[in-house]
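Novice: My questions all concern the structure below.
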Amino acid sequence: MNILLIRLMGLGDVASILVPAVRIYKQRYANAAITALTYQAGGEIMALHPEVDDVICLDTAQWPDDLLPAVTQFMQLGESIAAKQFDLIVNLDTWFMPCFLARALRDAGIETQGNYLNQSIEAFMKMAIGGDISQGFFDKPGHYMASTFPRMQQWTIPWWDQHPNTGYPDFYLRECCGFSEAVNMQLPCSPDKHLLNEADGRPIVALSMQGRAEYKNYRHSEQLTEQLESSGVYCWSQFDGSVPMQTTLNRLHASQLLVTVPTSTQWLGRLAGCPSLVLSGPMSPTLLDAEFWPPQRTHCQYCYRESHCPENRNFECMETAPETLVDQVLGILQSAS
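When we follow the working numbering, the leftmost residue of the sequence shown carries the number 54, and every step to the right adds one.
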């Protein structure tokens with residue numbers, strides 16, 4: 054049996070959703086050959102998965118920003134996938150283009166599970182070519198997405214406002230998709246010998262203090278690094294994609310702790326078995342499935358507003374003092390020793 058699993062979202066989503074989903078389907082279909090369809094650096098992660106037999110990885114040229122060129126590219130992708138004669142297609146993605154692809158494959162007669170476009174390709178193309186679709190149609194999955202998963206409708210409402218008591222991967226895979234299997238993200242790693250030699254017996258802490266969004270920037274990262282190093286901690290930070298993914302995971306595997314803003318690095322830590330102290334800012338640490346987090350900084354902190362601070366505080370919730378973090382890091386290291 055040949056199975057294709059689709060997750061084209063960012064690196065963190067590939068790590069936290071696609072990696073455990075492969076294990077779930079391998080448990081269900083022990084003799085199946087599994088192919089992962091993903092995007093950019095996600096392909097590096099899936100190539101390290103021991104239960105993935107093949108990886109199809111899209112680059113930016115294969116996913117244009119404009120709708121009609123993207124549709125053309127994904128129709129060609131669908132034709133190449135159909136030619137591989139998969140027995141089962143599983144779309145775990147909620148973005149529009151993967152749902153469009155799943156619908157095209159479903160309409161071609163291939164057994165499809167998961168999320169797909171809620172109308173025929175022909176009907177959608179008539180609207181798209183006629184200019185009858187507003188940009189708002191693509192903004193929320195509830196506008197365009199149908200699903201074979203039993204409770205996926207929970208994803209199409211502001212589920213974060215329900216304050217789920219489980220982390221995002223468990224909520225999506227177990228609550229929305231309805232999988233009963235355990236969520237296991239860890240990939241094979243070995244401690245990086247070069248990093249261990251540089252640390253020379255000191256505890257190792259990885260730091261990832263910058264992200265693309267404003268609320269993902271910790272403005273006191275230099276002071277934090279200086280204070281940790283003066284306390285006898287070896288710090289490293291290189292999460293810019295300049296080294297192979299396996300090297301990054303091996304370095305995390307050799308580290309006792311990862312201190313990070315809410316970005317994909319946290320989920321890389323989970324792949325490597327490295328616990329995280331997450332400066333969650335406006336995001337709930339429970340939702341992020343963080344092992345550790347600083348004390349709540351403001352009364353309005355967990356508002357889930359990522360694009361702007363609703364109280365015009367310039368994301369004061371990310372302003373935890375370096376001294377506070379150092380004390381917490383040292384306490385975590387001491388309790389783990």
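We treat Cβ as the ideally placed atom computed from N, Cα and C, and that holds for glycine.
Decide if D342 is buried, meaning its Cβ has at least 16 other Cβ atoms within 10 Å, or exposed.
Specialist: D342 should be labelled buried.
Novice: Pull up the distance between the alpha-carbon of K79 and that of S69, whole angstroms please.
Specialist: So the two alpha carbons sit approximately 16 Å from each other.
Novice: Using a 10 Å radius around the Cβ and a threshold of 16 neighbouring Cβ atoms, would you call I87 buried or exposed?
Specialist: It counts as buried.
Novice: My guess is that Q207 and C229 are in contact by the Cβ rule of under 8 Å, so how many angstroms apart are they, rounded?
Specialist: Yes, they are in contact, since the Cβ atoms of Q207 and C229 sit about 5 Å apart, within 8 Å.
Novice: Measure from the alpha carbon of T201 to the alpha carbon of each residue in K179, L145, M178 and Q188, then state which is nearest.
Specialist: Looking at the Cα atoms, L145 is the closest of the given residues.
Novice: What does the Cβ neighbour count give for Y169, buried or exposed, with the cut at 16 atoms within 10 Å?
Specialist: Per the 10 Å Cβ criterion, buried.
Novice: Helix, strand or coil for F191 per DSSP?
Specialist: Of the three classes helix, strand and coil, the one that applies to F191 here is helix, per DSSP.
Novice: Comparing C-alpha positions only, which one of G63, D214, S173 and A135 sits nearest to S317?
Specialist: Cα-wise, what sits closest to S317 is G63.
Novice: Within 10 angstroms of its Cβ, does T113 collect 16 or more other Cβ (buried), or is it exposed?
Specialist: That one is exposed.
Novice: Using beta-carbon positions only, say whether M178 and A157 come within less than 8 Å of one another.
Specialist: The answer is no: Cβ separation not under 8 Å.
Novice: Under a three-way DSSP split, which group does R148 fall into?
Specialist: In the sequence as displayed, the identity of residue 148 is Trp instead of Arg. Coil.
Novice: Determine, using beta-carbon pairs with one atom in the region 212-226 and one in the region 278-286, whether at least three such pairs fall under 8 Å.
Specialist: Taking 8 Å as the limit for Cβ pairs, the verdict is that the region 278-286 does not touch the region 212-226.
Novice: Is the distance from the Cβ of N237 to the Cβ of R76 below 8 Å?
Specialist: Contact flag set, yes.
Novice: Any idea what DSSP makes of Y197, helix, strand or coil?
Specialist: Helix.
Novice: Helix, strand or coil: which one does DSSP assign to Q239?
Specialist: Of the three classes helix, strand and coil, the one that applies to Q239 here is coil, per DSSP.
Novice: Tell me the DSSP secondary structure of V143 in three-state form.
Specialist: In this structure, V143 counts as strand in the three-state DSSP scheme.
Novice: Whole angstroms are fine: how far does the CA of I210 sit from the CA of E376?
Specialist: The alpha-carbon atoms of E376 and I210 are separated by roughly 39 Å.
Novice: For the region 313-330 against the region 252-266, do three or more pairs of beta-carbon atoms, one drawn from each stretch, fall closer than 8 Å, so that the two count as touching?
Specialist: Counting Cβ pairs under 8 Å, three or more are found: they touch.
Novice: Whose C-alpha, out of L111, W289 and M336, is nearest the C-alpha of G220?
Specialist: Of the listed residues, the one whose Cα sits closest to G220 is M336.
Novice: Let me make sure I understand the geometry here. Which of K269, W212 and I98 has the alpha-carbon closest to that of V314?
Specialist: Per the Cα distances, K269.
Novice: Which first and last residues belong to the alpha helix (DSSP H) in which L248 is found?
Specialist: Segment K246 to A252, the alpha helix (DSSP H) holding L248.
Novice: Taking buried to mean at least 16 other C-beta atoms within 10 Å of its own C-beta, is G65 buried or exposed?
Specialist: With 16 or more Cβ atoms within 10 Å of its Cβ, G65 is classed as buried.
Novice: Under DSSP, the beta strand (DSSP E) around W289 begins and ends at which residues?
Specialist: Its beta strand (DSSP E) spans residues Y287 to W289.
Novice: Rounding to the nearest angstrom, what Cα-Cα distance links E372 and C327 in this structure?
Specialist: So the two alpha carbons sit approximately 24 Å from each other.
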